[in-house]
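Report on one structure; see the data block that follows.
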Amino acid sequence: MQRARRRQPQEFDRVLSSMCTEPHPRAHEAAVEFLATNPGDPATYQTVADLETEAVEQLGEIAGLDDAYGYIASGGTEANIQAVHAARNRADGSVGSDHAEGANIVAPESVHFSVTKAAEMLGVDLRTVPVDDDYRADLDAVEAAVDDDTALVIGVAGSTEYGRVDPIPAMADLAHDADARMHVDASWGGFILPFTDYEWSFADAPIDSMAIDPHKFGQAPVPAGGLLARERETVDALAVETPYLETTSQATLTGTRSGAGVAGAVAAMDELWPAGYRQQYREQQTNAEFLADELADRGIDVVEPTLPLVTASLSPATFDALRDEEWRIARTADGDLRIVCMPHVSRASLEAFLADLDRVRS
Ligand code: 0PR
């Protein structure tokens with residue numbers, strides 16, 4: 470009989486395109502301890518349920534919200550889907566399949582594709598509007614797209630492709646003037662933006678909900694996303710009855726959930742908020758600027774990295790040659806090279822990447 474081969478996960482030293490990273494060692498340990506727990510059944514797994522309450526409080530602190538409601542989701546996708554779900558249900562006061570036809574949501578074209586999934590699943594019309602020259606939502610276009618049937622306006626704080634932050638307070642005003650709600654997707658940016666001057670948080674604007682993922686810049690293990698809401702009613706709008714559990718209702722999209730994500734998120738935030746995250750942001754912003762300068766010095770067009778994410782034009786042949794060297798790099802929809810300076814990305818690794826770039830281009 471053949472012996473099972475021991476499989477190894479991906480090494481991180483050549484991973485330059487991921488929005489996830491190596492978990493903090495304490496988060497790793499906590500995740501392993503809680504591997505078999507299920508916060509989906511809080512009456513049975515009470516310790517992890519308490520940890521989830523702590524996680525939501527900690528996320529609220531990071532996002533500038535004193536009394537935060539929400540839960541630890543499987544990721545930004547689930548948090549975005551549930552934000553759309555809650556807004557749709559709240560727009561017409563219904564839960565379940567009775568919702569009114571014709572609701573729409575408005576988001577910039579830079580919005581993550583999880584919102585496309587949300588719109589499709591929930592039967593709402595997604596109106597995407599153009600971005601300006603700096604890849605941020607165009608306010609005039611948002612205003613023109615919003616109407617009486619708009620349930621939700623979505624702004625991105627740390628966009629997937631260019632790391633840009635939309636004008637959140639102005640978008641929230643436009644949403645609320647139309648009696649719609651405002652959601653901020655800070656899935657990636659949420660653990661970086663507290664250390665910048667951007668206006669992105671619950672403290673900057675009367676936003677209603679937010680996606681903020683510990684499993685991205687938060688250095689928690691996968692799966693740990695975060696859905697936050699200013700009002701309890703937003704979470705209540707998601708709840709269905711759970712007849713055979715000791716608890717009476719459930720607001721999450723998934724049923725059984727990983728306690729590892731919850732425990733890992735709390736451990737990471739305990740360890741790193743705020744000093745560790747601040748230092749990580751500074752290091753990676755410096756790395757991003759270093760990389761951008763080095764690419765520009767080689768005559769390559771670079772988009773200025775306002776957050777630790779660098780995009781630059783690169784020929785398909787060079788891109789493919791670097792992939793062949795096992796560099797894990799990605800492309801934007803426009804074909805630009807996209808490098809995300811996550812906590813695991815070291816200066817040495819960027820220098821090795823540049824050396825390979827020089828070699829494959831010569
Ligand atoms: N919102 C934003 C702004 C995102 O960038 C992402 C994911 C999501 C929502 C969805 O989050 P989840 O993937 O946690 O559901 N952005 C990356 C992407 O799709 C995710 C990613 C992660 C990609 C690791 C590659 C990778 O190796 O591009």
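470 is the number of the first residue of the sequence shown in our numbering; add one for each residue after it. Quick reminder that beta carbons are idealized off the backbone N, C-alpha and C, glycines included. Only a predicted model underlies this, so the values are computations on that prediction, with no experimental measurement involved.
Item: Regarding C489 and ligand 1, is the C-beta to nearest heavy atom distance less than 8 angstroms?; Value: yes
Item: Starting from T780, trace the beta strand (DSSP E) both ways and give me its first and last residue.; Value: L778 to A781
Item: Taking contact to mean 3 or more Cβ pairs, one atom from each stretch, closer than 8 angstroms, check whether the stretch 628-644 and the stretch 516-532 are in contact.; Value: no
Item: Sort A587, L697 and G724 by Cα distance to L710 and report the nearest one.; Value: The sequence shown places Glu at residue 710, not Leu. E710 has its Cα closest to that of G724, out of A587, L697 and G724.
Item: Can you list, in chain order, the residues of its chain with a C-beta nearer than 6 angstroms to that of A757? Leave out the 5 residues immediately preceding and following it.; Value: P774, P777, V779 and C810
Item: Alpha carbon to alpha carbon, what distance is there between G509 and A790?; Value: 45 angstroms
Item: Grouping DSSP H, G and I as helix and E and B as strand, with all else coil, what is Q507?; Value: As written in the sequence, residue 507 is Asn, which differs from the Gln given in the question. In the structure shown, N507 sits in coil (DSSP, three-state: anything other than H, G, I, E or B).
Item: Please list the terminal residues of the continuous alpha helix (DSSP H) segment that includes V611.; Value: L608 to A614
Item: When you compare each of R483, Q551 and R475 to G695 by their alpha carbons, which one comes out closest?; Value: Q551
Item: Could you have a look at Q462 and say whether DSSP puts it in helix, strand or coil?; Value: Beyond the ends of the chain as shown, which are 470 and 831, falls residue 462; an answer cannot be given.
Item: Return helix, strand or coil for I637, following the three-state DSSP convention.; Value: helix
Item: Enumerated in chain order, which unbroken segments of the alpha helix (DSSP H) with a length of 4 residues or greater are wholly contained in the stretch 614-696?; Value: 637-646
Item: Any heavy atom of ligand 1 inside 8 angstroms of the beta-carbon of G529?; Value: no
Item: What does DSSP give as the partner residue(s) for D594 in the beta ladder?; Value: N573
Item: Reducing DSSP to helix, strand and coil, say where L806 ends up.; Value: strand
Item: Checking the sheet assignment: what are the DSSP bridge partners for I541?; Value: G695
Item: Name the two residues that bound the continuous alpha helix (DSSP H) containing V829.; Value: R816 to R830
Item: For V842 and V553, I'd like the C-alpha separation in whole angstroms.; Value: No answer is possible for residue 842: it lies beyond the span of the chain, which begins at 470 and ends at 831.
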